[in-house]
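Chemist: Chains as they are written, first to last, in UniProt numbering: chain A, 1 to 258; chain B, 1 to 258.
#1: Residue 16 of chain B by DSSP, collapsed to three states: which one?
#2: What whole-angstrom Cβ distance do residue 126 of chain A and residue 85 of chain A have, given they're in contact under 8 Å?
#3: Relative to the C-alpha of residue 69 of chain A, which candidate in A:55, A:88, A:42 has its C-alpha closest?
#4: Have a look at residue 89 of chain B and residue 98 of chain B and give me their C-alpha separation to the nearest angstrom.
#5: Ignore the nearest five residues each way along the sequence and tell me which others in residue 105 of chain A's own chain have a CB closer than 7 Å to its CB.
#6: Identify, in the order they occur along the chain, each residue of the same chain with its Cβ nearer than 8 Å to the Cβ of residue 45 of chain B, setting aside the five sequence neighbours on each side.
#7: Could you list which residues in chain A have their beta carbon closer than 9 Å to that of residue 7 of chain B, in chain order?
#8: May I have a chain-ordered list of the beta strand (DSSP E) segments no shorter than 3 residues that lie completely inside the segment 32-87 of chain A?
#9: Short check: CB of residue 37 of chain A to CB of residue 166 of chain A, under 8 Å?
#10: With a 10 Å radius around its C-beta and 16 neighbouring C-beta atoms as the bar for buried, classify residue 212 of chain B as buried or exposed.
#11: Does any residue of chain A bring its CB to less than 8 Å from the CB of residue 101 of chain B?
#12: Alpha carbon to alpha carbon, what distance is there between residue 54 of chain B and residue 94 of chain B?
#13: Is it buried or exposed for residue 244 of chain A, if we count other Cβ within 10 angstroms and need 16 for buried?
#14: Quick one, which of A:171, A:158, A:187, A:193 has its alpha-carbon nearest residue 73 of chain A's?
#15: Can a CB atom of chain B be found closer than 8 Å to the CB of residue 195 of chain A?
#16: Does chain B have any CB closer than 8 Å to the CB of residue 43 of chain A?
#17: Is there a C-beta anywhere in chain A that falls below 8 Å from the one on residue 39 of chain B?
#18: For residue 259 of chain A and residue 238 of chain A, I'd like the C-alpha separation in whole angstroms.
#19: If you draw a straight line from the C-alpha of residue 101 of chain A to the C-alpha of residue 132 of chain A, how long is it?
#20: Looking only at its chain, what residues have a beta carbon closer than 6 Å to the beta carbon of residue 91 of chain A, apart from the 5 residues adjacent to it on each side?
#21: Nearest-angstrom Cα distance between residue 241 of chain A and residue 250 of chain A?
#22: Taking DSSP as the reference, what is the three-state secondary structure of residue 1 of chain A?
#23: Start and end of the beta strand (DSSP E) containing residue 112 of chain A?
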């Protein structure tokens with residue numbers, strides 16, 4: 001496999017009782033996934049775990065060794081249920097320290113607002129020993145980078161700012177490109193065509209995956225077929241083949257998503 | 001621990017490349033989580049895995065033994081990337097069969113629409129041996145119940161119909177009740193109060209958890225504090241205590257979510 005064909009993977013651990021209780025609808029999975037695609041990194045697995053130290057440690061240790069990168073969202077704020085730093089330090093077997101740069105950032109942020117740096121706020125300067133900081137453009141508390149791990153905020157627009165700060169800094173492979181074909185046909189009618197086109201290119205460098213996403217709209221059934229590859233030329237050929245095969249079988253095809 | 005204090009747990013495995021690619025925003029985690037709360041069952045963990053058999057098998061086997069129930073969403077349709085049934089059968093070490101009742105349902109559904117029951121559609125009648133069916137009010141293909149596992153559709157409104165069919169049929173504990181207090185104060189200012197109130201009741205039967213959910217709105221920071229317990233009387237006492245402590249410290253408190 002050529003160096004450019006290496007597939008880079010990441011995992012995401014979403015930390016927070018609020019997701020598991022159904023109170024908060026997670027928006028970070030899709031956000032992190034889309035961002036990773038642009039970096040040429042594939043999101044391989046996500047786990048959502050409660051604010052319980054041993055469960056965070058377990059997830060972090062299971063996923064950090066088998067992926068190139070591990071991201072976490074949630075649990076880095078100032079309150080008693082924010083235990084991500086402690087759990088990650090435990091997973092890595094390192095102590096928790098007050099990071100001098102993080103402390104300075106928080107001092108500057110709160111002093112600038114005429115507010116004291118309380119004990120609770122100072123919690124947000126704690127990191128596992130050996131960590132670097134990820135800038136937070138939205139509020140005072142930084143994200144944390146340690147080894148191949150990135151600990152980010154849970155509030156989606158703060159997470160977005162941290163991802164933005166990381167853009168272009170992580171090594172990845174060729175980004176996965178995709179193209180979509182829409183079809184006003186039940187996916188069950190064309191399943192054989194999808195399977196055949198994918199199988200025909202299964203061994204090509206760059207690989208091909210075809211995802212089928214059925215919908216029911218305006219009283220009619222249909223499906224979008226998303227073709228993905230790291231090789232743009234192969235992608236174009238496959239999309240052409242799939243469209244021709246669908247049309248030959250009498251189905252109306254839309255280039256692009258319906 | 002009295003029988004009513006037993007905590008029932010469930011895990012959820014979300015199956016699908018479309019979630020991990022960021023193409024589709026998952027809506028089933030929140031939907032399943034909220035539904036479980038009403039059944040008196042706690043969602044203990046979620047994993048999102050790709051359409052890859054060994055990854056599904058791994059997640060299913062890790063979670064089904066350590067929870068009372070395991071739910072899956074996605075991968076039970078007619079196309080080549082729908083491999084949930086095969087993966088679960090493999091995890092359980094049982095063969096895949098064509099379920100006679102599921103076949104009859106599909107025949108009725110498609111015949112009623114003047115459409116043939118093709119090989120691809122018949123895939124949706126396949127189940128692990130020993131399974132029962134979960135009615136699907138939206139389309140022909142049923143969900144599948146086997147042992148403590150529930151295999152459901154990935155399309156959220158179809159998942160909703162299957163959950164509805166299961167309502168009240170699963171044994172659970174006392175449902176977790178909750179009440180919310182809002183506060184136009186940065187959570188970092190009141191972290192000590194939250195920690196103290198939670199700690200004061202940590203050992204009470206029914207338990208107390210306080211979640212803190214900060215927000216930034218209308219140019220001001222604030223937070224909602226969600227207090228949860230299985231004991232309604234304890235919940236009411238805790239909410240009262242928290243509100244009094246916040247007010248005593250000079251914070252304006254709103255009963256109910258801001």
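Backbone N, C-alpha and C fix where the C-beta goes; we use that ideal spot for every residue, glycine too. Quick caveat, the model's predicted, so the values are computed rather than measured.
Modeler: Once the coordinates are examined:
#1: coil
#2: 5 Å
#3: A:42
#4: 13 Å
#5: 140, 142
#6: 11, 12, 63, 67
#7: Correct list: empty, because the minimum Cβ distance to chain A is about 12 Å.
#8: 41-49, 69-73
#9: no
#10: buried
#11: no
#12: 16 Å
#13: exposed
#14: A:158
#15: yes
#16: yes
#17: no
#18: With chain A running from 1 to 258 in the structure shown, residue 259 of chain A is simply not present.
#19: 9 Å
#20: 57, 60, 61
#21: 14 Å
#22: Confidence at residue 1 of chain A is low in this model, with a pLDDT of 39, below 50, so the placement of that residue should be treated as unreliable; the coordinate-derived value is given next. DSSP places residue 1 of chain A in coil when its eight states are reduced to three.
#23: No beta strand (DSSP E) holds residue 112 of chain A; DSSP gives it neither H nor E.
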